[in-house]
Amino acid sequence: MATSPKLDAKVPKGEIDQKWSKYRSTVHLVNPANKRSLEVIIVGSGLAGASAAASLAEMGYKVKVFCFQDSPRRAHSIAAQGGINAAKNYQNDGDSVYRLFYDTIKGGDYRAREGNVHRLAEVSGNIIDQCVAQGVPFAREYGGVLSNRSFGGTQVQRTFYAAGQTGQQLLLGAYSALQRQVGMGAVKLYARHEMLDVVNIDGKCRGIIARDLITGKLERHFGHAVLIASGGYGNVFYLSTNAMGSNVTAAWKAHKKGAFFGNPCYTQIHPTCIPVSGDHQSKLTLMSESLRNDGRIWVPKKAGDTRKPSEIPEEERDYYLERRYPAFGNLVPRDVASRAAKERCDAGFGVGASKLAVYLDFSANMMRYGQIEANKQNIHNPTKEKIRELGMAVVKEKYGNLFDMYKQITGEDPYEIPMRIYPAVHYTMGGLWVDYNLMTTVPGLYALGEANFSDHGANRLGASALMQGLADGYFVIPYTIGDYLSEEIRTKAIATDHEAFVKAEAEVQERINKLMTIKGTKSVDHFHKQLGKIMWDKCGMARNAAGLKQAIEEIKKLREDFWKDVRVTGEANEFNPELEKAGRVADFLELGELMCMDALNRNESCGGHFREEYQTEEGEAKRDDDNFAYVAAWENKGNNAWELHKEELIFENIKIAARSYK
Amino acid sequence: MSHGNMNLTLKVWKQKNKDAKGALETYQVKGISPDMSFLEMFDVLNEQLITEGKDPIAFDHDCREGICGMCSMFINGRPHGPVKGVTTCQLHMRSFKDGDTIVVEPWRSTAFPIVKDLAVDRSAFDRVIAAGGFVSVNTGNAKDANNILINKDDADDAFNAAACIGCGACVATCKNGSAMLFVSAKVSQLALLPQGQIEKEARVLSMVGQMDDEGFGACSVTGACEIECPKGISLENIARMNREFLGANIKSKH
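Protein sequences appear in the order of chains U and C. According to our numbering, the residues represented by the first sequence are 1 to 662, in order. According to our numbering, the residues represented by the second sequence are 1001 to 1254, in order.
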């Protein structure tokens, strides 16, 4: 069982497929009149934040939404490409709620909580319904029904999509629902605002301190509950597929004020990203997992082969995923695909100038699609060129924006030359520990979407981040928040001149003053890049005890240097992106250490966490269920010290087994 | 894996805040690689300015993959620079030559006040969406998704309109500072879909009304917006919105 009384997961009793429906029907409610006087603060306006804000405002709560971008529509959910999973079984291919539940638990390498994951699978279908009702233009078949595609870690087609811009379309749907409430005055929007602390009063979360990023002024905001929906922390690696502004600050402040941090070491390294081209690089760009649907991944069979890909004959190519994992082939989960790419490159088979890349090749499928089109259009004996032309049109419709983006970044045309790809940091499964209600260990403080740890275990399946963000916001929190707020109807809004607000604001101000007065010699980016390098080398795709111990020492030293020598230009009371970055990097410098500690503590390999000491002879991850079938929930003890608590994971419905995609 | 060898002269708009007077300042950047994005070139410049103890240039950016719509630089007289169909963050230095002089300004429009240097306030767009850019359907009201069948061509057209990233290049390039392409993209998306029919008249009237209140100019159909739109949003959307607007206006007069 859990080693801390605070780690009560509160999963309802009963059969797995009855838990949520029963809980939803019996959870305490707040009557409409009382909702009007209950205030909810939401930090972050991505899929989770925007959907929660719209839904809670529709129900009658008073909502405030904060985002650091200039508009809520720019949250990084916008960049999700491939799709969103739902157990609709529209393809008649044997999908079901149970199968989505099973795939997610297995995909997460048996390190997620069953109750939460089953609920996620149950509400997945509602999400698609809701989005379609909002006018989200999903891809459709000629008969007018919705179209699906395949994604990794599953053998059914359950992924709904809008070209390679699914996240954009879903976010714009949630954003329009949010703006509708803004227009009606039910939500007050604070764009270009950054949350810099949470305020707890008598053991409950009661508000936040935010900085107006244009004027630099600090503001105090009261809420009966605070929802952190600020996304993941992949930017601790400096180079990642996250947006430049994506950060851990809101979640980290919550952690420092009492919220336990769950499984910080679980990081998703995505297999198909555009490789690093130089040390000027500021971010990495993903090429959607959906491309693995139609693309085949290969490297030359001969190490160090310098021939052009077109000159390497079929029999001299190693389709290593198809070779190693015949059952799932190119559609193995992300952690497996990433490690396999790293293995080939480390062994000297990588391609391109840096030799840190593999090919993602569409030529075979382009011809296959072309043949199908030729048949459809009754073209008999088409020439090879004609087939290719027809096939290219199909590929263009499915992935056109991704191919254009690849060409723009690399200067190479992927319709002619196979893409070169390499793994990159993409998503963080870890996050604030939450119970079944999505509440952290601080009463009244919730975490939604990527900011929480709850549903993906040690590895997230593709197209499941969008599903989880929207599930949390549209269909979970509107119910579960009632459990807490029904007890708060007698709590009057607390005036923000309360001493707790005054004190929190003073602390935030002091930290800003400190950053502004160091006036050192090195830029914020300098420190961020150093941290990223330590994390990637020692807490990235492969980790080992010696490296992690070393990383912890290096991070401590780097943090010390940062607080002595960082140079933040400009003033605190103006629009100052350097100051914003400085605050975020300071938090990453603490988080990085905790990630390494967590990775060091977990003496097993599971999902995205690969410890070199724990692998099978074939190089597959070796879990240790006897000793590590638990969520590591870290309590902050101040001064960069943490205490580990454990929430035991109990598998009552799925037999815990070695994960095989062979 | 090193920097390149392009040297450039940059003339960049500097303005402390919305009330201050701005001016173009000249900077030299060296060792730029053709593989850098335009914003990475700005990173190099800012790093250099910080080292020299000078104020770096403030600019908006976030995803750096052409989808969030936050980056917004007016480069040599064109929003997002010389390459068609890309945002500033996806513009790469291989589109420029060693020795070039590049002029970089913010979006200029009455409706987009300057925040600082190259960053502007585009919240007017959010208010236009809040006025009607939605289907009024609360969470939990939806029926099974496949109960709404949509003709694939209509779905594709709606998607193409919905691909707008709200960057504001259309406004920045328009001599009238008109937001018609932006507003019409959202009106079209919903007008093309069955879900949008119930509110279509109220929507177009309300959104156009808000657009006018925000201080955006009138459309004189020069088509500059379509040419400069990084997402290829078509002028047809403006034609469709005009039809919707006229129809709604006639109906509302009865």
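Note that CB positions come from ideal geometry on N, CA and C, so glycine has one too.
- Contact annotation: U/Leu356 and U/Gly348 have beta-carbon atoms that are not nearer than 8 angstroms.
- A distance below 8 angstroms between beta-carbons, with the five flanking residues on each side excluded, links C/Leu1235 to the following residues of its chain, in chain order: Leu1181, Val1221, Gly1223, Cys1225 and Glu1226.
- Note on U/Ile481: 16 or more other CB atoms within 10 angstroms of its CB, so buried under the neighbour-count rule.
- DSSP lists U/Arg317 as the beta-bridge partner residues of U/Pro300.
- In terms of Cβ geometry, U/Met429 and U/Phe403 do not form a close pair [threshold 8 angstroms].
- Look at U/Met184 here: in three-state DSSP terms it is coil, with no helix or strand label.
- Under a 10 Å Cβ-count criterion, C/Ile1250 is classified as exposed, with fewer than 16 other Cβ atoms of the shown protein chains found around its own Cβ.
- Bounds of the alpha helix (DSSP H) holding U/Phe403 are Lys384 to Thr410.
- Per DSSP, the continuous beta strand (DSSP E) segment holding U/Trp634 begins and ends at Tyr630 to Asn636.
- With its beta carbon less than 8 angstroms from one in chain C, U/Met244 belongs to the interface.
- By a beta-carbon distance limit of 8 angstroms, C/Asn1141 contacts U/Ala133. Their separation comes to about 7 angstroms.
- Separation of the CB atoms of U/Cys273 and U/Pro423 is rounded to 7 angstroms, and the pair is thereby assigned contact status at 8 angstroms.
- Setting aside the 5 residues that flank it on each side, U/Asp565 is surrounded in the same chain by Gly520, Thr521 and Lys522, each with a C-beta closer than 6 angstroms to its C-beta; the list follows chain order.
- In the three-state reduction of the DSSP assignment, U/Pro72 falls in the helix class, which pools H, G and I.
- For U/Glu648, the pairing in a beta bridge is given by DSSP as U/Tyr630.
- Residues of chain U whose Cβ lies closer than 8 angstroms to the Cβ of C/Met1036 are, in chain order, Gly278 and His280.
- For U/Val30, the closest of U/Glu487, U/Gly94 and U/Leu7 by C-alpha to C-alpha distance is U/Glu487.
- DSSP places U/Asn576 in the coil class of the three-state scheme, outside both helix and strand.
- Assignment of U/His426 by DSSP, reduced to helix, strand and coil, places it in the strand class.
- Counting the other Cβ atoms within 10 Å of the Cβ of U/Lys301 gives fewer than 16, which makes it exposed.
- Pairing C/Val1128 with C/Gln1210 gives a Cβ-Cβ distance under 8 angstroms.
- For U/Tyr102, the enclosing alpha helix (DSSP H) starts and ends at Val97 to Gly107.
- The C-beta distance from U/Phe66 to U/Tyr175 rounds to 15 angstroms, too long to meet the 8 angstroms contact threshold.
- Identification of chain U residues near C/Met1070 by a Cβ-Cβ cut-off of 7 angstroms yields Gln69, Asp70 and Arg74, ordered along the chain.
- Remark: C-beta atoms of C/Gly1066 and U/Met405 approach each other more closely than 8 angstroms.
- Looking at C/Asn1046, C/Gln1189, C/Lys1175 and C/Pro1106, the one whose alpha-carbon comes closest to that of C/Asp1156 is C/Gln1189.
- The alpha-carbon separation between U/Val568 and U/Ala582 amounts to approximately 7 angstroms.
- Of the candidates U/Ala542, U/Lys256 and U/Arg211, U/Ala542 places its Cα closest to the Cα of U/Asp346.
- Between the segment 1052–1063 of chain C and the segment 1100–1118 of chain C there are three or more inter-stretch CB-CB distances shorter than 8 angstroms, so the stretches are counted as touching.
- For chain U, the residues of the segment 1143–1160 of chain C that bring a beta carbon within less than 7 angstroms of one of its beta carbons are Lys1143, Asp1144, Ala1145, Asn1146, Ile1148, Leu1149, Ile1150, Asn1151, Lys1152, Ala1155, Ala1158 and Phe1159, in chain order.
- Between U/His224 and U/Leu38, the C-beta gap is smaller than 8 angstroms, which places the two residues in contact.
- Secondary structure of C/Val1128 (DSSP, three-state): helix.
- Residue environment analysis places U/Ala79 among the buried positions, since at least 16 neighbouring C-beta atoms fall within 10 angstroms of its C-beta.
- Relative to the Cα of U/Arg623, the nearest Cα in the group U/Ile105, U/Ala53, U/Asn636 and U/Cys606 belongs to U/Cys606.
- Secondary structure in the segment 325–362 of chain U: the beta strand (DSSP E) runs of 3 residues or longer, each lying completely within the stretch, are 358–361 in chain order.
- Looking at the DSSP output, U/Ile201 shares a beta bridge with U/Lys204.
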